[in-house]
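Everything on this sheet refers to the single structure shown next.
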Amino acid sequence: MTPEVVGVVEAPGGKGRATPKRKVAEAANRRPLVPTDRKAAAKEARASQRAERDRQYVAMQTGDERYLPAKDKGPVRRYVRQYVDARWSLGELFLPVAIVMLLLNMLLTGVSPELAFLGLVLLYVFVIAMVVDVTIMWRRLRKKLIAKFGDDAIQRGLMMYSVTRVFQIRRARLPKPQVKHGDYPE
1 MTPEVVGVVE APGGKGRATP KRKVAEAANR RPLVPTDRKA AAKEARASQR AERDRQYVAM
61 QTGDERYLPA KDKGPVRRYV RQYVDARWSL GELFLPVAIV MLLLNMLLTG VSPELAFLGL
121 VLLYVFVIAM VVDVTIMWRR LRKKLIAKFG DDAIQRGLMM YSVTRVFQIR RARLPKPQVK
181 HGDYPE
């Protein structure tokens with residue numbers, strides 16, 4: 001006769017060991033709420049956060065999708081960035097034009113108030129032209145996104161993502177532009 005082992009039943013596909021007692025399982029999971037060396041723990045946390053920020057900054061410069069911040073990840077966001085970067089827009093000229101117009105306005109106010117007023121009107125006309133330009137850009141981009149990615153591609157915040165990118169000076173955009181003017185995405 002074969003001796004039987006009492007209490008241990010091996011089921012097919014089982015874990016092959018006894019379930020630990022509750023007290024043992026809780027003791028294994030117990031960790032202190034506050035680390036014993038708080039200064040070292042804080043230093044380590046700062047170092048890991050710094051490494052993560054550095055990794056994200058390099059990704060913003062190179063366009064490495066793996067380490068981009070969550071707001072810039074994904075094929076739809078990449079397509080929006082490429083479309084906006086490929087397009088010439090009035091928005092990227094706004095800051096230089098506004099600075100020049102305001103400086104001229106300050107210089108002309110003492111000499112000729114009529115010319116200063118005309119400069120201000122021209123600045124407002126430029127702003128209205130930018131709004132029209134951005135509206136046309138978004139309508140075209142939206143059609144292309146729906147055609148390429150489907151109706152689910154239009155997510156909340158995508159319009160503002162593209163609009164804010166349009167209004168940035170091209171050299172200051174992050175993630176850096178990966179395409180040249182005129183190289184539209186497929």
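Per the UniProt record's numbering, residue 1 is the first one in the sequence shown, and the count goes up by one each step. Backbone N, C-alpha and C define an ideal beta-carbon position, used for all residues, glycine too.
TODO: Could you spell out the range, first to last residue, of the alpha helix (DSSP H) harbouring LYS144?
DONE: 113 to 149
Open item on the list: Starting from GLN82, trace the alpha helix (DSSP H) in both directions and tell me its first and last residue.
Closed with: 75 to 86
TODO: Taking only the alpha-carbon atoms, compute the straight-line gap between GLN61 and LEU103 and give it to the nearest angstrom.
DONE: 33 Å
Task: Neighbour flag for LEU107 against chain D, beta carbons, 9 Å - done: Checking the listed chains, one finds no chain D in this structure; it contains a single protein chain.
Task: Rounded separation between VAL34 and ARG50 - CA only - done: 22 Å
- [ ] Can you have a look at SER112 and say buried or exposed, based on whether 16 or more other CB atoms are within 10 angstroms of its CB?
- [x] exposed
Task: Contiguous alpha helix (DSSP H) assignments of at least 4 residues, all confined to the UniProt region "Disordered" (1 to 55) - done: Those alpha helix (DSSP H) runs which fall completely within the UniProt region "Disordered" (1 to 55) and span 4+ residues are 22 to 29.
- [ ] Report yes if the CB atom of THR109 is closer than 9 Å to the CB atom of ALA116, and no otherwise.
- [x] yes
- [ ] Consult DSSP for ASP152 and reduce its assignment to one of helix, strand or coil.
- [x] Note: ASP152 maps to helix in three-state DSSP.
Task: Extent of the continuous alpha helix (DSSP H) to which ARG173 belongs - done: Neither: ARG173 is in no alpha helix (DSSP H) and is coded neither H nor E.
Open item on the list: According to DSSP, simplified to helix, strand and coil, what is TYR184?
Closed with: coil
Open item on the list: Suppose you measure from the CA of LEU174 to the CA of MET160; what does that come to, to the nearest Å?
Closed with: 15 Å
TODO: Tell whether a beta-carbon distance below 9 Å holds between ASP85 and ARG165.
DONE: yes
Task: DSSP-derived helix/strand/coil call for LEU68 - done: In this structure, LEU68 counts as coil in the three-state DSSP scheme.
Task: Residues of its chain near PRO177, where Cβ-Cβ distance is below 7 Å and the 5 sequence neighbours each way are ignored - done: ASP85, ARG170
Open item on the list: Do PHE167 and MET130 have their beta-carbon atoms positioned less than 9 Å apart in this structure?
Closed with: Closer than 9 Å, so yes.
- [ ] Tell me whether GLN61 sits in a helix, a strand or coil according to DSSP, three-state version.
- [x] helix
Open item on the list: Taking 7 Å as the limit between beta carbons, can you name the residues of its chain near HIS181, skipping five residues before and five after?
Closed with: ALA86, TRP88
- [ ] For GLU44, count neighbouring Cβ atoms within 10 angstroms of its own Cβ and tell me buried if that reaches 16, exposed if not.
- [x] Around the C-beta of GLU44, fewer than 16 other C-beta atoms lie within 10 Å, and the residue is accordingly described as exposed.
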